[in-house]
Structures are given as C-alpha cells and as structure tokens.
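Beneath this line is the structure, given in structure tokens, with notes to follow.
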DNA sequence: CGCGATTTGTGCACCTCTTCACAAGCGCCT
DNA sequence: AGGCGCTTGTGAAGAGGTGCACAAATCGCG
Ligand SMILES: NC(=O)c1ccc[n+]([C@@H]2O[C@H](COP(=O)([O-])OP(=O)(O)OC[C@H]3O[C@@H](n4cnc5c(N)ncnc54)[C@H](O)[C@@H]3O)[C@@H](O)[C@H]2O)c1
Ligand SMILES: NC(=O)c1ccc[n+]([C@@H]2O[C@H](COP(=O)([O-])OP(=O)(O)OC[C@H]3O[C@@H](n4cnc5c(N)ncnc54)[C@H](O)[C@@H]3O)[C@@H](O)[C@H]2O)c1
C-alpha cells in the first residue's frame, strides 16, 4: 500500500519521541487515517502486534522498511539540474530516509562540471557509465517537459526500472518500468477546484449551483489530507 | 475528479498541435486512462461531445477550466523561501496554468527584502496584510517540517482555505480547509517498494517470496502512471 | 490463578470506482 | 433521402477499498 511510507514517517517520529509501543488508535490518529484501516494494512505484513499492548515501534519500523526495500540505501540519479534540480540536489530529506543522490546529470555543457553539494554534474551521455558505477536504482527527471520522454527512454535503456517524473507530461515506458509523477500545477488546480466549489456553495446555497459543483457524493479527490467539511 | 487537470493538460497540448476535436479514445490514450472512464468523467460535467465526431477541444477546455475555477487567475502565497521555495518562485509553469505567485514570505530576517524574480520577500508576520492586499486564495508551505503547523495555523487564521504542503508532516486544520501534500520521500519509497518487489520476484520465482512481496492483487499503488507488468 | 481491561486481527456489509458492452445519436457518402 | 460507420453516453456487472463490530488474545492486578 502507498500508505506504508506515511506510517513509517509517523513511526520514526514516535521513536524519536521515546515511545516504545503504539496502539493502532494512536498511530492512526497521528497519520490521520481510520484505525481499522491501519490494522488491516499492518496485518497484511504479518502479525507484528501484541493484543492488549499494541505494536512495538522499533520492530514495526524494521518490518515496514524491509517491505519497502529500504534496508539497503538506494542510489538515485537526478537528470536535469536546473531550477528544481538544484533544490532537489540540496535536499537533505532524502538521505535521512534511505536515499542517496548518487549522480547529477544535465545536457547543458555549461552546467556540466559544476559542483553542487559535493557532487559534480556530469553529461547525460555518460548515463550508462554512471548507472553502472553507482548502481543506480531510481531515476529522477527534472528536465523541461519536451526532453522528459527522451530522458526516460535513456534511463530505461540503461536498465533503470523506477522513474520519478517532475515534468508535466505523460511518459510512455515499457512494461516492468514504474513511473510516478509529481505535478504541482495539478495539485494547485485540485485546490482551485475545491476553492471554487466552496465559493459556489456559499454564493448559491439555495439553487445548489451548476451541475459541476453539485457532483455526486461530493467529488472525492483522493490523496487529500483532510476533506472539506459539510 | 482529480483527473480533470490531467485531461486539461492533454487538451491544451492537443489544441497547440492544431486539433479541433478529439475522440474519447484519442484523449484517453494521451492521458493514459481507459476511454470509458474518461467518457464517464466528462459526462459528469454535461454532454459536451458530439456522437460520431468526438469532443470540441476548445469547448472542452473552457468547460473544464470553468469547473476547476480557473476562469480567474488565482493568487498564491509562498511561505518559506529556502531551497525549495526559490525553485518554486522561479517556476514559470504556474503562471501558464492560471496561477500567479503573488507573495513570498519567510521568517528569516536575513531573507526578508531579498528580491526573487521580481517579487520582494516579506516577513511572515505581514501575512494578514499580504493576504488582504493580494487577495490570496491558496497558500503554499515550503518551510521545514517543525514550522509547518504554525504556518498552517497562521494561514488559516487569515482566511486561507486551501493549502499545499511540501513539509513532510501531517497538518491538522479545521473543517472547511483543504490540505494537499507533496512528499518526495514518499514517492521514492513507493518506487523503492516496487523495485524491491521486482527484485524478489526475479530472485525467488518458485517460492514466491515472502508474505510481503506476495500481497493480494499485487498491492495497488494508485496515482502511479504505469503499472508494472505481470 | 483467574478475571477484567485493553487491543489486535478479521468477517461482513457497504460503497465507490472501474470496466465492459451496447443502444442512441450524429455526420458523411451515395 | 436513406443507409452506414463511428462515437458518445450510460446501464450493469465486477473489483477493490473502507469501516463497523466483535471474537480472540494478551497483560496486569488482585
Ligand atoms: N522549478 C520548479 O519549481 C518546478 C516545479 C514543478 C515542476 N517543475 C518541472 O520540472 C522541470 C524542470 O524545471 P526547472 O524549473 O528546473 O527547469 P530549468 O529549465 O531550470 O532546468 C531544466 C534543466 O534540464 C536540463 N536539460 C534539458 N534537456 C535535457 C536533457 N535532454 N537531458 C538532460 N538535461 C536536460 C537543462 O539543461 C536545465 O538545466 C520542468 O519540467 C518543470 O515543468 C519545476
Ligand atoms: N529542497 C527540496 O528539494 C525539498 C524537496 C522535498 C521537500 N522539501 C521540504 O520542503 C521544506 C523546505 O525545504 P528547503 O530545502 O527549502 O528548506 P530550507 O531550510 O532551505 O528553507 C526553509 C525556509 O523556511 C523558512 N522558515 C522557517 N521557519 C519559518 C516560519 N515559521 N515561517 C516562515 N518561514 C520559515 C526559513 O527561513 C527558510 O528560508 C522542508 O520541509 C523540506 O522537507 C524540500
């Protein structure tokens, strides 16, 4: 499940706070999910809880990290060291969660050779050698959208089977390759939609607004952290 | 639906390419979804397609933008102008999709006054005035995690009801306030999970691996762009 | 040693979302 | 004008996720 990383983060926070065990209720409220859902999720990994007590925080962390394959530190290659790439290269939140940015690549010759946070930017044509040398397991694309598909093809060609894409476009990759995308404009548009809906509901409480704002069940937008009330 | 922004992006691309109409099949393949799903989504906005022909691209763009509340350009306030904040402030992909970064705010006095892409960084204490002056409708949090909750509270206090959070933590906000979060480490961990699973399946094709790697139905992780094969 | 309080693990019902399949509608060609 | 092919819109079936409610299990305490 895609919720495991969130549980993991909450568990680390609890461990730092000194807790040895957590109840499903406690962990669930920390993550913001239903406790039954959390128990069902955890039960899929095996029975690592103790009835009457709760879950051992340290043990659960180990188990989840084992499931997620975080027992080994994974090396990621970042392609496209522009505006966003610089920020990502300097982000310390990766290393602390089991990921190491092992290579920076760019196509712009004027950027190649630049040193960023201890890493030297290399040319994207060196991808085959870099992937082999650093045993890269994940590729991150932070190039402009028109270049993203070509970069993805290059990554796939050298054996990378997991890609995180920041460019606002859909990538087509062969079966067996996993792509996740992060599109900030989409996030903002979803917020805009809810904002628009809230405004309509206030403005037209009687009429109910247009067909668009009165969609069935209130238009569930998953992944949202907190649903809007009423 | 949270898919509308993706349709919108594909439609803009089609419009730029000179297409006047699209079939549900064509648009669906461009976005990477089932055509029946797309038709059902669009039918919820009303009947804007012509049988035997398809959908009018320009009309559909207008309709979706209207639903998403993008007819007006929305002003967003960015709080936390650090590593990530700088990248976001310089991102031109917001303006082109109906959003204008109208204010930059930070708590660090040494950052206040700095000019970034034509905007001057102001102190976070000026939030009430800034929100009123610029009629902010969305707040973006790019501060370290420990400060995120306080910033969220401040945003809510001055009437912001939509928040995009980049800090790796859960925010608690009152009902009626919408929070979406972007956590890159979670994205990487989900990729790591699939990577781990692929490796296990190759290494242990007979035994089927541990209970973790053999979860029912193959552990759906929604939001993924392309499922892994077999 | 037994009992009650507490918490996990799970069967079950519900509900949403997805996908198939097809009738209805539209335009084009003859 | 009529038929034919193509595409939309939608009913129905299927799948999957969610939450309730409760039995099973464990600990602490008398
Ligand atoms: N800046 C942001 O905050 C932000 C936010 C969300 C999404 N994005 C997206 O992330 C991507 C990058 O944004 P940015 O602001 O960093 O752009 P940018 O123009 O600043 O940087 C792009 C970099 O990619 C490099 N590049 C171009 N083609 C390449 C290729 N074929 N191979 C390797 N490198 C190549 C360029 O040399 C440049 O250094 C864009 O798709 C953008 O839409 C950016
Ligand atoms: N840098 C990245 O690529 C990246 C990627 C993913 C997530 N994030 C997350 O985004 C957040 C910011 O990351 P960063 O690398 O930009 O950190 P940073 O330390 O470079 O910047 C944080 C900024 O927030 C400001 N700030 C601190 N407290 C504040 C407050 N109470 N009010 C207003 N401003 C305040 C600081 O002055 C600083 O300028 C972090 O939570 C980080 O985990 C960053």
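Residue numbers (my numbering), protein chains in the order written: chain A, 1 to 230; chain B, 231 to 460.
All C-beta atoms, glycine included, are put in the ideal place defined by N, C-alpha and C.
Checklist entry - How about residue 461 of chain B: is its Cβ closer than 7 Å to a heavy atom in ligand 2? => result Residue 461 of chain B lies beyond the stretch modelled for chain B, which goes from 231 to 460, so this question has no answer here.
Item to check | Segments of 4+ residues assigned as alpha helix (DSSP H) that fall wholly inside the stretch 318-381 of chain B | outcome: Complete alpha helix (DSSP H) runs here, min 4: 357-364.
Item to check | chain B within 8 Å of residue 51 of chain A, Cβ atoms only | outcome: Counted from its first residue, the first chain places residue 51 of chain A at position 51. By this cut-off, residue 51 of chain A is not an interface position.
Next on the checklist: If we define contact as Cβ-Cβ less than 8 Å, is residue 398 of chain B a contact residue for chain A?
Outcome noted: On the second chain, position 168 is the one that residue 398 of chain B refers to. True, the Cβ-Cβ gap to chain A drops below 8 Å.
Checklist entry - So residue 298 of chain B packs on residue 234 of chain B, CB below 8 Å; how close in whole Å? => result Here residue 298 of chain B refers to the residue found at position 68 when the second chain is read from its first residue. Here residue 234 of chain B refers to the residue found at position 4 when the second chain is read from its first residue. Confirmed, about 6 Å.
Checklist entry - What did DSSP end up calling residue 26 of chain A once you bin it into helix, strand or coil? => result On the first chain, residue 26 of chain A is found 26 positions in, with the first residue counted as 1. Three-state result, residue 26 of chain A: helix.
Next on the checklist: If you measure between the beta carbons of residue 415 of chain B and residue 93 of chain A, is that distance less than 8 Å?
Outcome noted: As a position in the second chain, residue 415 of chain B is number 185, starting the count at 1. As a position in the first chain, residue 93 of chain A is number 93, starting the count at 1. A contact, by the Cβ cut-off of 8 Å.
Checklist entry - According to DSSP, what are the bridge partners of residue 279 of chain B? => result Position 49 of the second chain, counted from the first residue, corresponds to residue 279 of chain B. Looking at the DSSP output, residue 279 of chain B bridges to B:285.
Checklist entry - Is residue 160 of chain A near ligand 1, going by C-beta to nearest heavy atom under 7 Å? => result Residue numbering aside, residue 160 of chain A sits at position 160 when the first chain is read from its first letter. Flag unset: Cβ of residue 160 of chain A not near ligand 1.
Next on the checklist: Count Cβ pairs between the stretch 308-315 of chain B and the stretch 368-388 of chain B that sit closer than 8 Å; are there 3 or more?
Outcome noted: The stretch 308-315 of chain B makes contact with the stretch 368-388 of chain B, as at least three CB pairs between them are under 8 Å.
Next on the checklist: Between B:254, B:279, B:302, B:339, which has its C-alpha nearest residue 199 of chain A's C-alpha?
Outcome noted: To locate residue 199 of chain A, count along the first chain from 1; it is residue 199. Nearest of B:254, B:279, B:302, B:339 to residue 199 of chain A, Cα basis: B:302.
Next on the checklist: Going by C-alpha to C-alpha distance, which of A:41, A:17, A:18, A:108 sits closest to residue 28 of chain A?
Outcome noted: For the purposes of this step, residue 28 of chain A is taken as the residue at position 28 of the first chain. Comparing Cα positions, the closest option is A:41.
Checklist entry - Whose CA, out of B:290, B:355, B:283, B:240, lies closest to the CA of residue 262 of chain B? => result Here the question's residue 262 of chain B lines up with position 32 in the second chain. Taking residue 262 of chain B as reference, the option from B:290, B:355, B:283, B:240 with the minimal CA-CA separation is B:240.
Next on the checklist: Among the candidates A:119, A:120, A:102, whose CA atom is the shortest distance from the CA of residue 133 of chain A?
Outcome noted: Here residue 133 of chain A refers to the residue found at position 133 of the first chain. The residue with the shortest Cα to Cα distance from residue 133 of chain A is A:102.
Checklist entry - In its own chain, which residues sit with a C-beta less than 6 Å from the C-beta of residue 119 of chain A, not counting the 5 before and 5 after it? => result Numbered from its first residue, the first chain carries residue 119 of chain A at position 119. Within the same chain, Cβ atoms closer than 6 Å to the Cβ of residue 119 of chain A are found at 104, the five residues on either side in sequence being excluded.
Checklist entry - How big is the Cα-Cα spacing for residue 90 of chain A and residue 316 of chain B? => result Counted from its first residue, the first chain places residue 90 of chain A at position 90. Counted from its first residue, the second chain places residue 316 of chain B at position 86. Answer to the nearest angstrom: the Cα atoms are 12 Å apart.
Next on the checklist: Check whether chain A comes within 8 Å of residue 356 of chain B, counting only Cβ atoms and requiring the distance to be less than that.
Outcome noted: Position 126 of the second chain holds residue 356 of chain B. With 8 Å as the cut-off, residue 356 of chain B does not count as an interface residue toward chain A.
Item to check | Alpha-carbon to alpha-carbon, residue 296 of chain B and residue 43 of chain A | outcome: Position 43 of the first chain, counted from the first residue, corresponds to residue 43 of chain A. Position 66 of the second chain, counted from the first residue, corresponds to residue 296 of chain B. Here the alpha carbon of residue 43 of chain A sits roughly 44 Å from the alpha carbon of residue 296 of chain B.
Checklist entry - Can you tell which of A:19, A:83, A:171, A:156 has the C-alpha that lies nearest to the C-alpha of residue 128 of chain A? => result As a first step, residue 128 of chain A must be located in the first chain, where it is residue number 128. For the options A:19, A:83, A:171, A:156, the alpha carbon positioned closest to that of residue 128 of chain A is the one of A:156.
Next on the checklist: By the DSSP assignment, the alpha helix (DSSP H) with residue 245 of chain B in it spans what residues?
Outcome noted: Counted from its first residue, the second chain places residue 245 of chain B at position 15. Looking at the DSSP string, the run of the alpha helix (DSSP H) that includes residue 245 of chain B is 234-246.
Checklist entry - Is it true that the CB of residue 291 of chain B sits closer than 8 Å to the CB of residue 353 of chain B? => result Numbered from its first residue, the second chain carries residue 353 of chain B at position 123. Numbered from its first residue, the second chain carries residue 291 of chain B at position 61. No. Outside cutoff.
Next on the checklist: Restricting to Cα atoms, I'd like to know which of B:404, B:394, B:269, B:402 is closest to residue 192 of chain A.
Outcome noted: Working through the first chain from its first residue, we reach residue 192 of chain A at position 192. If we check each option's Cα against that of residue 192 of chain A, B:394 comes out closest.
Next on the checklist: Less than 6 Å between C-beta atoms, sequence neighbours within five positions excluded: which residues of the same chain meet that for residue 253 of chain B?
Outcome noted: Against the second chain, residue 253 of chain B aligns to sequence position 23. Cβ neighbours of residue 253 of chain B within its own chain (closer than 6 Å, five residues either side excluded): 284.
Item to check | Heavy atom of ligand 1 within 7 Å of residue 321 of chain B beta-carbon | outcome: Here residue 321 of chain B refers to the residue found at position 91 of the second chain. It does: the Cβ of residue 321 of chain B is within 7 Å (strictly closer) of some heavy atom of ligand 1.
Next on the checklist: For residue 209 of chain A, which residues in the same chain have their Cβ closer than 7 Å to its Cβ, ignoring the five residues on either side in sequence?
Outcome noted: Reading the first chain from its first residue, position 209 is the one you call residue 209 of chain A. Because the pLDDT at residue 209 of chain A is just 48, under 50, the model does not fix this residue reliably, and the point stays unresolved.
Next on the checklist: Let me see if you follow: with CB-CB separation under 8 Å, is residue 438 of chain B close to chain A or not?
Outcome noted: Locating residue 438 of chain B in the second chain gives position 208, where the first residue counts as 1. Residue confidence is low: residue 438 of chain B scores 47 on pLDDT, short of 50, so the model does not pin down where it sits. No coordinate-derived value is stated.
Item to check | CB contact flag (residue 70 of chain A, residue 379 of chain B, <8 Å) | outcome: As a working mapping, residue 70 of chain A is identified with position 70 in the first chain. As a working mapping, residue 379 of chain B is identified with position 149 in the second chain. Not in contact: residue 70 of chain A and residue 379 of chain B (Cβ atoms no closer than 8 Å).
Checklist entry - So which residues on chain B does residue 9 of chain A lean against when the C-beta distance must stay under 7 Å? => result In the first chain, counting from the first residue as 1, residue 9 of chain A sits at position 9. Think of a sphere of 7 Å around the beta carbon of residue 9 of chain A: the chain B residues whose beta carbon falls inside it are 398, in chain order.
Item to check | Between the CA atoms of residue 57 of chain A and residue 15 of chain A - distance to the nearest angstrom | outcome: Locating residue 15 of chain A in the first chain gives position 15, where the first residue counts as 1. Locating residue 57 of chain A in the first chain gives position 57, where the first residue counts as 1. Put simply, the backbone Cα of residue 15 of chain A is about 7 Å away from that of residue 57 of chain A.
Next on the checklist: Let me see if you follow: with CB-CB separation under 8 Å, is residue 313 of chain B close to chain A or not?
Outcome noted: Working through the second chain from its first residue, we reach residue 313 of chain B at position 83. Output row for residue 313 of chain B: interface = yes.
Next on the checklist: Within the continuous beta strand (DSSP E) that includes residue 231 of chain A, where are the two ends?
Outcome noted: Here chain A comprises residues numbered 1 to 230, so residue 231 of chain A is not present and cannot be evaluated.
Next on the checklist: Nearest by alpha-carbon distance to residue 154 of chain A: which of A:18, A:83, A:126 is it?
Outcome noted: Counted from its first residue, the first chain places residue 154 of chain A at position 154. Across the set A:18, A:83, A:126, the C-alpha of A:126 shows the shortest separation from the C-alpha of residue 154 of chain A.
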